[in-house]
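Protein chains in written order, with our numbering: chain A, 1 to 176; chain B, 177 to 320.
Here is the structure we will look at.
Here it is as structure tokens:
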């Protein structure tokens, strides 16, 4: 074997070994984080709503979508819900759609919460796979604002001022 | 103090993480050192938050117990540790929400204190597990 080819093989083997070490140390958790960034297409999903009907995110193309990852046990999430109900009331006629993605471990507390808070927009039950597609939903709340083409226009991690989201939504609603 | 928000059957029992004494907190970098060290006792690391979040990413070797804001989760936590020596090194963590709003770590810490555990640390995650652990490049695993 030519020395140059031999060294190339050694280099490939070392690179593979180093990659293996990195994977061993960090597992798979980090790989998902760069997804669902501003400007990228929001990953499509089809998930059952609380009433059992399927919700297809792609069916919202042409609308402005506020996609809210939340949970009933998350205090900042709970504080945001009444504002989202108000936004839905105020702007749904203009083309704003809110979709809640509950990261609760089961639907029962979500159904109760939905009734008590008079939620007026669809809620689907999220899961770990969806969380990974959205870059890792590893802390709540996380809200994505999607433009009419389904691209991520804004991403808010943690509690966000209602007026900030309203302002961003109205800017998108006014853009045709 | 237990603060029940918004009434009804779905109120979140929000134990205040901020009232956990700083002497019982451990930072992410320090916990990583402990987990990687060959010289010190390895702690039992327990996640006391959401299973959906645990499935996406958790500290390798940590065990999922259930939300300690619920009675079911607290019962499971007590059952898991009841036969352990009270000197056992235990680390609790959640990271579901900002530290000031986490409903899980304080009830879990209270339960272990009441059982007489003397070597309990709570992982301090200021923002959440994603921002303060995964994004820092600390080791993670995923799955159940």
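For every residue, glycine included, the Cβ atom is placed at its ideal position computed from N, Cα and C.
Note that the structure is predicted; figures quoted are calculated from it, not measured.
With a threshold of 16 other beta carbon atoms within 10 Å, residue 72/A meets it and is buried. DSSP places residue 210/B inside the alpha helix (DSSP H), whose first and last residues are 204-212. Taking residue 247/B as the centre and dropping the five residues before and after it, the same chain places no C-beta closer than 7 Å to its C-beta. In this chain, residue 223/B is not harboured by any alpha helix (DSSP H); it is covered by the beta strand (DSSP E) spanning 220-223. Per the coordinates, the alpha-carbon of residue 65/A lies some 16 Å from the alpha-carbon of residue 80/A.
Judged by beta-carbon spacing, residue 256/B lies beyond the 7 Å limit of residue 293/B, meaning their Cβ atoms are not closer than that value. Around the CB of residue 316/B, 16 or more other CB atoms lie within 10 Å, so the residue is classed as buried.
Using a Cβ distance threshold of 7 Å, residue 134/A and residue 98/A do not count as a contacting pair. Less than 7 Å separates the beta-carbon of residue 173/A from that of residue 95/A. Counted as a single uninterrupted DSSP element, the alpha helix (DSSP H) harbouring residue 228/B occupies residues 227-232. Under a criterion of Cβ atoms nearer than 7 Å, the residues of chain B adjacent to residue 128/A are, in order, 228, 231 and 232.
Within the stretch 241-255 of chain B, 243 and 245 place their CB atoms closer than 7 Å to a CB of chain A, listed in sequence order. For residue 306/B, the C-beta contacts it makes with chain A under 7 Å involve 136, 138 and 139, in order along the chain. Assignment of beta-bridge partners to residue 68/A by DSSP yields 100/A and 143/A. Taking the C-beta atoms as reference points, residue 45/A is found nearer than 7 Å to residue 57/A. Within a 10 Å sphere around the beta-carbon of residue 227/B sit 16 or more other beta-carbons, which makes this residue buried. If the five residues before and after residue 241/B are omitted, its C-beta is found closer than 7 Å to the C-beta atoms of 222, 223, 224, 249, 252, 253 and 256, all from its own chain and listed in chain order.
The residue from 138/A, 112/A, 90/A and 152/A with its alpha-carbon nearest to that of residue 78/A is 112/A.
Unbroken beta strand (DSSP E) runs of no fewer than 3 residues, entirely contained in the stretch 248-306 of chain B, are found at 266-269 and 296-299, following chain order. Take residue 305/B, set aside five residues on each side of it, and the residues of its chain with a beta-carbon closer than 6 Å to its own are 271, in chain order.
In the structure shown, the three-state DSSP call for residue 46/A is strand. Residue-level contact by beta carbon fails for residue 79/A and chain B, as no gap is shorter than 7 Å. If you look at residue 56/A, you'll find it in the beta strand (DSSP E) that goes 54-56. Minimum Cα-Cα distance from residue 239/B among the listed residues 259/B, 296/B and 269/B corresponds to 269/B. In this model, residue 116/A and residue 233/B are separated by some 31 Å (Cα to Cα). Within the same chain, 143 come within 7 Å of residue 160/A by CB-CB distance, once the 5 residues on both sides are set aside.
Listed along chain B are 273, 274, 303, 304 and 307, each with a C-beta nearer than 9 Å to that of residue 158/A. Taking a Cβ-Cβ threshold of 8 Å, none of the residues of chain B is close to residue 68/A; the smallest such distance is about 14 Å. For residue 169/A, the enclosing alpha helix (DSSP H) starts and ends at 162-174. Under the DSSP assignment, residue 128/A falls in the alpha helix (DSSP H) whose first and last residues are 128-133.
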